[in-house]
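Undergrad: So the number in the numbering used here is just where the residue sits in the sequence shown, counting from 1, plus 459. All C-beta atoms, glycine included, are put in the ideal place defined by N, C-alpha and C. Quick caveat, the model's predicted, so the values are computed rather than measured.
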Amino acid sequence: MNKKNNLKIAAGLAAALALAGCDDQKAAEETAPKETETPATQEESVAPAAAPASYTLETVVPGSAFHGIHGITETSDGKLLAGSVLGRAIYEIDKETGTVSIYEAPPTGMADDLEEGPDGALGWTAFLDGKYYLRTKDGELRTLAEDLPGLNSTAWNMEGRLFATQVFLGDALYELDPQGIAPPRKIMEDMGGLNGFDFGPDGKLYGPLWFKGEIVRVDVDEATLETVATGFKTPAAVNFDSRGNLWAVDTAEGAVYKVDIDDGTRMKVADVDAAIDNLAITSDDRLFITNMADNAIIEIDTETGESTPLVKGKLAVAADLELVEEDGREALYVGDVFALRKVDLADGSVSEVGRVFGSNVDYPISVAEAHGRIAVAGWSAGAVQAFDVGAAELPGPHHGFNTPTDALPLADGGLLVAEYGRGALVKVAADDWKNRTDFLTGLQGPANLMQAPDGRVYLSEQLAGRISVLDLETGALMPVAEGLEGPEGFDIDAEGNLYVAEVGARRISRIDLSTSEKIVIAEDLPIGFGFEGDVLPLNVPTGVAVAKDGAVYFTSDMEAALYKLTPQ
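#1: Closer than 8 Å is the cut-off here; do at least three beta carbon pairs connect the segment 760 to 769 with the segment 784 to 800?
#2: Over what stretch of residues does the beta strand (DSSP E) that includes Asp1008 continue unbroken?
#3: Contact between the segment 513 to 523 and the segment 733 to 746: three or more CB pairs below 8 Å?
#4: Exposed or buried, which one is Glu1018 when buried takes at least 16 other CB atoms within 10 Å?
#5: Would you kindly work out how many angstroms separate the C-alpha atoms of Pro905 and Pro1000, rounded to a whole number?
#6: Would you list the one or two residues that DSSP bridges to Pro1026?
#7: Mapping the DSSP letters down to three states, classify Gly963 as helix, strand or coil.
#8: Thr602: which of Val835, Gly807, Leu780 and Pro643 sits nearest, CA to CA?
#9: Smallest Cα separation from Pro946: which of Leu997, Glu785 and Leu540?
#10: Less than 8 Å between the C-beta atoms of Leu899 and Ala883, yes or no?
#11: Let's see if you can read the secondary structure: which residues bound the beta strand (DSSP E) around Asn611?
#12: From this set, Leu684, Phe691 and Ala840, which residue's C-alpha is nearest Glu712's C-alpha?
#13: Taking the C-alpha atoms as reference points, what is the distance between Pro667 and Leu684?
#14: Going by beta-carbon coordinates alone, are Ala739 and Glu551 separated by less than 8 Å?
#15: What are the residues that DSSP puts in a beta bridge with Leu853?
#16: Taking the alpha-carbon positions, what's the Tyr592 to Ser701 distance?
#17: In the DSSP output, what is Met650 paired with across the bridge?
#18: Please state whether the Cβ-Cβ distance between Ser825 and Asp760 is less than 8 Å.
#19: Quick check on Asn894: buried or exposed, where buried means 16 or more other Cβ atoms within 10 Å of its Cβ?
#20: Mind checking whether Val876 and Ala851 have CB atoms under 8 Å apart?
#21: Sort Gln921, Leu943 and Ala911 by Cα distance to Leu929 and report the nearest one.
#22: For Leu799, which of Ala778, Val939, Thr862 and Ala570 has the nearest alpha-carbon?
#23: Determine the direct distance from the alpha carbon of Pro694 to that of Glu651, and round the result to whole angstroms.
#24: Let's see if you can read the secondary structure: which residues bound the beta strand (DSSP E) around Ser919?
#25: Contact check, Leu573 vs Gly530 under 8 Å by CB: the rounded distance?
#26: Could you tell me which of Arg814, Pro660, Phe656 and Glu681 sits nearest to Asp732, measuring between CA atoms?
#27: Ala729 to Ala585, Cα distance in whole Å?
#28: Quick check: what's the CA-CA separation for Pro854 versus Gly873?
#29: Just to confirm, are Gly527 and Ala775 a CB contact at a threshold of 8 Å?
#30: For Lys554, which residues does DSSP report across the bridge?
#31: Looking at the structure shown, is Pro492 part of a helix, part of a strand, or coil, going by DSSP?
#32: Nearest to Met909 by alpha carbon, out of Gly901, Ser919 and Val809?
#33: Are Asp636 and Glu648 touching if we call contact CB-CB under 8 Å?
#34: Based on the DSSP secondary-structure assignment, which residues constitute the bridge partners of Tyr1012?
#35: Let me make sure I understand the geometry here. Which of Leu664, Ala829 and Thr689 has the alpha-carbon closest to that of Phe670?
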């Protein structure tokens, strides 16, 4: 999974360390959502209602095949495979129909990059876990490397030697033992982020330096590096075709290039959207790229530059939601991890506010609005940003937060940021992002913040299973709902009803805050995506938002979809 800079990845790693000892949220069984009229039956601090509510469920934005998509390769038997870090899986994609199936299941399927060796063994990098996996041709799974956070790119040379690099959580090139006996041998380091690489006809390794905007040639035996081509914004990957031509993708520019390795000249072949992650060239020289912001695999015609999506989603991951009224229309802002998007409730159309590498957003996951401003937080990036509703341009994000799982604009122009890893709320002063002070500590998984229609501020604590009213003067918390099962996204309507995604139970409940009466309005929902080894239990939060007409919208992290529950 490509990252924008070392700072934001360091924040993600710090989060993992801070959360050591936290129990991972169990992965829910993936089943289709259904309409429900089932009332709550568990004994909780909120009183169950005497009768259930009736809601119908419909799809607003259909789901996607992936949870972000990264490395891509073709095997010797013609299979097109692509890997996902967040999805922890390797997928097989039919090159003609776009049909997607699981090739290597979670959690060991996490793959930032992957490639098959001359003997038919498939190797891949598990970026977040710091491991390198190899599946032999007869099905044996080997772990070739551990404790190498940021293992990113991989390739075999023609002799069957295997190589991999650390990028973003390290900066080094290694040779690995395919038998898993010898430890990884470090060849060189501090290169500038050697990303998706390939071996050329001359036996040398060619790859992009992410942080230097160059393509380089490496002699893996002599440990020497020389520049081949320059002038790229953020080159992400290169590959050779059967004729010895080198092809490269630039993720920030959104471009595909043909590069002459002799004189360094380059020719742009195609303009596409930013957030390209990798490319693969098949045995018959068809070129495919992956785009993580679009959950897309796209074929590029190397003669005409025409791009044809083979697989594409309207949403990439679908996390937190915030309902915002703009020019008299209700719109849902969606923290889509690889992009910040907006869904018009009047017609269901999806538009883009910004995407990673192509604009000023940095892995947006959580969204909140108050006082005419929108705040976006990305826990994996350690980033928070804020802007006015309807702003034409987005100001850049600010980094250095410890797993920020939400941020709420305050009346004085400052922000309140939930730092999950520290169990704290941090106050950021207006117009001074460096002025950060602890407002409240000792929290158990602070997840979502919101300002209700009556002006009061609410906070959910995922690990404590409660939602509380927060006194902004004293820092006091008054629980309004307890005994909840993994509460994540929530919203409060004008009548004082709280709607919450109890992700641990895969349901959405409605609680009358004046009486504590609780009704389950939908259950057996496709929410609660997560697997053993996730960086933090919250992972991809399920967003909930209530429209003026009483419709309840929620995201499906399992399907990268948006759903609507309409009261009957």
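TA: Working from what's here:
#1: no
#2: By 1-based counting over the sequence shown, the position of residue 1008 is 549. From DSSP, Asp1008 is part of no beta strand (DSSP E); its letter is neither H nor E.
#3: no
#4: Counted from its first residue, the sequence shown places residue 1018 at position 559. Glu1018 comes out buried.
#5: Looking up residue 905 in the sequence shown gives position 446. Looking up residue 1000 in the sequence shown gives position 541. When rounded, the distance between both Cα atoms is 12 Å.
#6: Here the question's residue 1026 lines up with position 567 in the sequence shown. Tyr514.
#7: As a working mapping, residue 963 is identified with position 504 in the sequence shown. In this structure, Gly963 counts as helix in the three-state DSSP scheme.
#8: Indexing the sequence shown from 1 puts residue 602 at position 143. Measuring from the Cα of Thr602, the nearest candidate turns out to be Pro643.
#9: By one-based count along the sequence shown, residue 946 stands at place 487. Per the Cα distances, Leu997.
#10: For the purposes of this step, residue 899 is taken as residue 440 along the sequence shown, with counting starting at 1. For the purposes of this step, residue 883 is taken as residue 424 along the sequence shown, with counting starting at 1. Contact: yes.
#11: By 1-based counting over the sequence shown, the position of residue 611 is 152. It spans Leu610 to Trp615 - the beta strand (DSSP E) in which Asn611 sits, taken as one unbroken run.
#12: Here residue 712 corresponds to residue number 253 of the sequence shown, with the count starting at 1. When each option's Cα is compared against that of Glu712, the closest is Phe691.
#13: Locating residue 667 in the sequence shown gives position 208, where the first residue counts as 1. Locating residue 684 in the sequence shown gives position 225, where the first residue counts as 1. One C-alpha to the other measures close to 12 Å.
#14: Stepping through the sequence shown from its first residue, residue 739 is reached at position 280. Stepping through the sequence shown from its first residue, residue 551 is reached at position 92. Result no, Cβ atoms of Ala739 and Glu551 do not sit closer than 8 Å.
#15: By one-based count along the sequence shown, residue 853 stands at place 394. None, per the DSSP bridge assignment.
#16: As a working mapping, residue 592 is identified with position 133 in the sequence shown. As a working mapping, residue 701 is identified with position 242 in the sequence shown. About 27 Å.
#17: Your numbering for residue 650 matches position 191 in the sequence shown. Per DSSP, none; premise fails for Met650.
#18: For the purposes of this step, residue 825 is identified with residue 366 of the sequence shown, where counting begins at 1. For the purposes of this step, residue 760 is identified with residue 301 of the sequence shown, where counting begins at 1. Result no, Cβ atoms of Ser825 and Asp760 do not sit closer than 8 Å.
#19: Stepping through the sequence shown from its first residue, residue 894 is reached at position 435. Answer is exposed; the Cβ neighbour count stays below 16.
#20: Residue mapping note: residue 876 aligns to position 417 of the sequence shown, counting from 1. Residue mapping note: residue 851 aligns to position 392 of the sequence shown, counting from 1. For Val876 and Ala851, no; Cβs fall outside 8 Å.
#21: Counting from 1 along the sequence shown, the entry for residue 929 is found at position 470. Selected option, being the one with the closest Cα: Ala911.
#22: For the purposes of this step, residue 799 is taken as residue 340 along the sequence shown, with counting starting at 1. With distances taken between Cα atoms, Leu799 lies closest to Ala778.
#23: Counting from one through the sequence shown, the residue named residue 651 turns up at place 192. Counting from one through the sequence shown, the residue named residue 694 turns up at place 235. A quick correction: the sequence has Gly, not Glu, at residue 651. Approximately 11 Å, taken between the alpha carbons.
#24: Start at 1 with the first residue of the sequence shown, and residue 919 comes out as number 460. Where Ser919 is concerned, the enclosing beta strand (DSSP E) stretches over Val916 to Glu920.
#25: Residue 573 sits at position 114 when you count from the first residue of the sequence shown. Residue 530 sits at position 71 when you count from the first residue of the sequence shown. About 5 Å separates the two Cβ atoms, so the contact holds.
#26: Position 273 of the sequence shown, counting from 1, holds the residue named residue 732. Cα-wise, what sits closest to Asp732 is Arg814.
#27: What you label residue 729 is simply residue 270 of the sequence shown in a count that begins at 1. What you label residue 585 is simply residue 126 of the sequence shown in a count that begins at 1. Near 30 Å, if we compare the C-alpha coordinates of Ala585 and Ala729.
#28: The count along the sequence shown starts at 1 and reaches residue 854 at position 395. The count along the sequence shown starts at 1 and reaches residue 873 at position 414. For Pro854 and Gly873, the distance between alpha carbons rounds to 15 Å.
#29: For this step, residue 527 is matched to residue 68 along the sequence shown. For this step, residue 775 is matched to residue 316 along the sequence shown. Yes, the Cβ-Cβ distance between Gly527 and Ala775 is below 8 Å.
#30: Stepping through the sequence shown from its first residue, residue 554 is reached at position 95. For Lys554, which the question treats as bridged, DSSP gives no partner whatsoever.
#31: Counted from its first residue, the sequence shown places residue 492 at position 33. Note that Pro492 scores 38 on pLDDT, short of 50, meaning its location in the model is unreliable and no value can be drawn from it.
#32: Numbered from 1 along the sequence shown, position 450 holds the residue referred to as residue 909. Out of Gly901, Ser919 and Val809, Ser919 has the C-alpha closest to the C-alpha of Met909.
#33: Within the sequence shown, the letter at position 177 stands for residue 636. Within the sequence shown, the letter at position 189 stands for residue 648. No, Cβ-Cβ distance for Asp636 and Glu648 is not below 8 Å.
#34: Counted from its first residue, the sequence shown places residue 1012 at position 553. Note: Tyr1012 sits in a beta bridge opposite Ala1004 and Lys1023.
#35: The residue labelled residue 670 in the question sits at position 211 within the sequence shown. That would be Thr689, whose Cα lies nearest to the Cα of Phe670.
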